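Colleague:
In this note's numbering, the protein residues as written are 26 to 626.
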């Protein structure tokens with residue numbers, strides 16, 4: 026029996042377990058759009074107001090669920106608009122499949138063979154554009170290969186280090202009829218070039234040998250534990266091994282505060298205790314953490330220079346980066362590592378002396394060090410972001426999903442971490458795109474709107490996809506948004522102050538950028554609204570948003586001269602030369618005698 030290619034494509038997605046799609050419709054994808062709506066009982070489509078929002082929503086969906094979502098966009102500008110979210114998924118190893126429309130093939134540049142920039146209606150060479158930020162990108166030209174290409178793309182997306190894939194379908198192929206008996210299927214066993222490496226018994230024996238010969242080992246976690254859908258296996262692994270755990274930079278929801286052997290996070294923006302424990306250790310077991318600069322600092326060779334390193338990662342080259350000194354590199358899927366390590370019987374019990382010293386380091390610092398350094402506040406002062414987080418985390422629900430924007434205002438939670446195992450924190454770690462906040466929350470709420478969903482961001486970031494408040498309203502997603510308003514881009518304002526003598530550009534109303542009245546914004550989109558003007562109103566404002574059951578906006582008037590830190594910063598030596606200290610030596614700098622006590626005691 027003959028069937029339309031677009032219908033076969035959607036049916037293949039459904040058979041492979043994809044239940045949700047994010048889309049903006051367009052003429053270049055008309056058969057695809059029609060095929061999705063015909064299967065709306067089996068695959069739900071959320072229609073956004075910008076293709077960037079589609080790909081960012083798919084990222085949020087995958088982060089919370091561990092599953093892939095689909096994205097369907099049209100040709101030309103529709104495809105280009107989706108690139109930012111795909112880039113975010115690429116660098117953070119998040120799976121998604123993007124299906125794009127494309128002009129009729131016989132009208133395109135590749136068909137005519139001439140050196141033209143464009144020929145078809147809204148034509149662009151999208152496959153070449155996305156090839157550097159996807160694991161697989163392909164234009165389907167032969168209708169009988171549609172099933173094969175979708176199966177192959179999804180396999181590649183999920184195999185090894187996860188990531189986005191892109192399938193481009195010309196209009197004539199979308200609408201083509203093909204005999205189902207002629208369809209080709211994908212066989213992973215025959216696709217040798219896409220096979221992943223596996224851990225060996227020899228590597229596990231070496232792992233155990235290095236561990237046995239260490240006195241102060243520590244586990245350093247990475248985002249790949251979450252994006253690799255390996256959190257449950259990770260918990261099994263750490264229950265069989267008695268070793269201190271330090272969270273990787275910005276990894277705030279792999280472990281929770283108070284969990285056995287967990288000593289908080291680390292990295293160039295703090296907190297301090299984790300960095301001191303890493304520096305004091307003699308073996309660091311790096312699990313699905315690519316050791317970026319936010320983890321090691323830019324002086325990579327100074328990162329725990331006296332420790333041995335075991336690194337488990339899906340990609341071989343991560344261990345080869347300049348400055349790293351990896352003693353054992355294990356290249357495999359992180360889920361496989363945990364399974365095989367438990368099966369192999371990897372074991373270790375840390376000494377009482379080492380555990381006591383880690384506890385001593387942890388007890389030497391407060392999560393709210395910067396607030397304590399500042400001292401008391403007046404009720405009429407604008408709200409420091411750190412104070413908001415201190416209040417908010419005491420009240421937020423134990424199963425809340427907290428979607429963070431890329432704003433300096435959210436750093437407090439990335440330092441503090443979560444307090445309950447069912448709380449989640451979603452943020453794009455490496456791309457850092459403004460606007461990846463409301464959109465990510467939409468994706469998370471698409472997967473699960475029965476748990477409290479928060480979106481917490483800055484006034485600069487929220488403007489990048491402000492149109493998506495209408496998507497929230499239309500679908501009734503109960504997303505509770507907190508917007509920190511500080512009259513500009515706080516991070517760039519700090520940069521101008523630190524490097525350019527306070528000469529602002531494009532980061533304040535006076536230097537060229539301004540923001541709307543967010544109460545008017547809330548009214549426009551039909552959302553409940555409250556504004557917190559100062560510290561005196563903070564308690565009631567937080568109680569208000571936590572108690573809301575529907576979508577709403579809480580505006581927090583943030584302190585303009587915000588309290589920042591601790592963080593890694595260049596300092597001047599006695600000869601007037603600037604240098605970057607080791608990762609444990611964050612600013613504001615500590616007394617040298619105190620540092621020696623922590624590292625030598």
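We treat Cβ as the ideally placed atom computed from N, Cα and C, and that holds for glycine. Fair warning: this is a prediction, and the values are worked out from it, not measured in the lab.
Give me, in chain order, the residues of the same chain whose beta-carbon lies closer than 6 Å to that of residue 455; leave out the 5 immediate sequence neighbours on both sides.
Modeller: Excluding sequence neighbours, residue 455 sits near 116 and 117.
Colleague: Less than 9 Å between the beta carbons of residue 442 and residue 272, yes or no?
Modeller: Yes; because the gap between Cβ atoms is below 9 Å, this pair is in contact.
Colleague: Determine the closest residue to residue 212 out of 301, 235, 188 and 179, with distance taken between C-alpha atoms.
Modeller: It is 179 whose Cα lies nearest to the Cα of residue 212.
Colleague: For residue 205, which residues of its own chain have a beta-carbon under 7 Å away from its beta-carbon, when the five flanking residues on both sides are left out?
Modeller: Once the five neighbours on either side are set aside, the close Cβ partners of residue 205 are 26 and 28.
Colleague: Within the continuous alpha helix (DSSP H) that includes residue 384, where are the two ends?
Modeller: Residue 384 -> alpha helix (DSSP H) spans 377 to 388.
Colleague: Is it the case that the Cβ atoms of residue 198 and residue 165 are separated by a distance below 9 Å?
Modeller: A contact, by the Cβ cut-off of 9 Å.
Colleague: Mark residue 475 as exposed unless 16 or more other C-beta atoms lie within 10 angstroms of its C-beta, in which case mark it buried.
Modeller: Residue 475 comes out exposed.
Colleague: I'd like the span of the alpha helix (DSSP H) that includes residue 288, first residue to last.
Modeller: Taken as a continuous stretch (DSSP letters only), residue 288 belongs to no alpha helix (DSSP H), being part of the beta strand (DSSP E) at 287 to 290.
Colleague: Measure from the alpha carbon of residue 61 to the alpha carbon of each residue in 131, 73, 38 and 83, then state which is nearest.
Modeller: The option with the nearest alpha carbon to residue 61 is 38.
Colleague: What separation, rounded to the nearest whole angstrom, lies between the Cα atoms of residue 437 and residue 246?
Modeller: Computed Cα separation, rounded: 19 Å.
Colleague: Can you tell which of 480, 264, 207 and 518 has the C-alpha that lies nearest to the C-alpha of residue 502?
Modeller: Considering only alpha carbons, the answer is 480.
Colleague: If you draw a straight line from the C-alpha of residue 125 to the C-alpha of residue 138, how long is it?
Modeller: Cα-Cα distance, rounded: 22 Å.
Colleague: Looking only at C-alpha atoms, which of 528, 301 and 193 sits nearest to residue 167?
Modeller: Of the candidates 528, 301 and 193, the one whose C-alpha sits nearest the C-alpha of residue 167 is 193.
Colleague: Here's a check: name, in chain order, each residue in its chain whose Cβ is nearer than 6 Å to the Cβ of residue 357, leaving out the five neighbours to either side.
Modeller: Counting only Cβ-Cβ distances below 6 Å, and skipping sequence neighbours, we find 222, 223 and 224.
Colleague: Pick out the complete beta strand (DSSP E) segments inside the segment 536 to 617, 3 residues or longer, and give them in chain order.
Modeller: Fully enclosed beta strand (DSSP E) runs of 3 or longer: 553 to 557 and 577 to 582.
Colleague: Going by DSSP, name the residue or residues bridged to residue 338.
Modeller: DSSP lists 356 as partners of residue 338.
Colleague: Distance, Cα to Cα, residue 320 vs residue 439?
Modeller: One C-alpha to the other measures close to 13 Å.
Colleague: Are residue 349 and residue 325 closer than 9 Å when you measure CB to CB?
Modeller: Cβ distance < 9 Å, so residue 349 and residue 325 count as in contact.
Colleague: So what does residue 312 bridge to, in DSSP terms?
Modeller: According to DSSP, residue 312 bridges with 246 and 337.
Colleague: Would you decide whether residue 330 is buried or exposed? Buried here means 16 or more other CB atoms lie within 10 Å of its CB.
Modeller: So residue 330 counts as exposed.
Colleague: What is the DSSP secondary structure of residue 121, counted as helix, strand or coil?
Modeller: In this structure, residue 121 counts as strand in the three-state DSSP scheme.
Colleague: The beta strand (DSSP E) spanning residue 455 covers which residue range?
Modeller: No beta strand (DSSP E) holds residue 455; DSSP gives it neither H nor E.
Colleague: List the whole-angstrom C-beta distance separating residue 99 from residue 68, where the pair is believed to meet the contact cut-off of C-beta under 8 Å.
Modeller: Between residue 68 and residue 99 the Cβ distance is about 18 Å, and since that is not below 8 Å, they are no contact.
Colleague: State the start and end residues of the unbroken beta strand (DSSP E) segment that holds residue 427.
Modeller: 426 to 429 is the span of the beta strand (DSSP E), which, as asked, contains residue 427.
Colleague: When the Cα atoms are used, what is the spatial distance from residue 275 to residue 457?
Modeller: When rounded, the distance between both Cα atoms is 12 Å.
Colleague: Using three-state DSSP, classify residue 162 as helix, strand or coil.
Modeller: Strand at residue 162.
Colleague: Within the same chain, show all residues whose beta-carbon is closer than 7 Å to that of residue 364, passing over the 5 residues directly before and after it, in chain order.
Modeller: Counting only Cβ-Cβ distances below 7 Å, and skipping sequence neighbours, we find 258.
Colleague: Using 8 Å as the Cβ pair cut-off and three pairs as the minimum, do the segment 554 to 565 and the segment 403 to 414 touch?
Modeller: Yes, they touch.
Colleague: So if DSSP puts residue 227 in a beta bridge, which residue, or which two residues, is it bridged to?
Modeller: The partner list for residue 227 (beta bridge, DSSP) is empty, contrary to what the question assumes.
Colleague: Could you tell me which of 428, 177 and 369 sits nearest to residue 210, measuring between CA atoms?
Modeller: The shortest Cα separation from residue 210 among 428, 177 and 369 belongs to 177.
Colleague: Using only alpha-carbon positions, find the residue among 103, 101 and 82 that is nearest to residue 93.
Modeller: Considering only alpha carbons, the answer is 82.
Colleague: For residue 506, does the three-state DSSP call read helix, strand or coil?
Modeller: Here residue 506 sits in strand by DSSP.
Colleague: Taking 9 Å as the threshold (C-beta atoms), are residue 114 and residue 78 in contact?
Modeller: Cβ distance not < 9 Å, so residue 78 and residue 114 don't count as in contact.
Colleague: For the pair the segment 296 to 314 and the segment 330 to 341, tell me if three or more CB-CB distances fall below 8 Å.
Modeller: Taking 8 Å as the limit for Cβ pairs, the verdict is that the segment 330 to 341 does touch the segment 296 to 314.
Colleague: In this structure, how does DSSP classify residue 139 when only helix, strand and coil are distinguished?
Modeller: Three-state result, residue 139: coil.
Colleague: Helix, strand or coil for residue 514, going by three-state DSSP, please let me know.
Modeller: Three-state DSSP puts residue 514 in coil, outside helix and strand.
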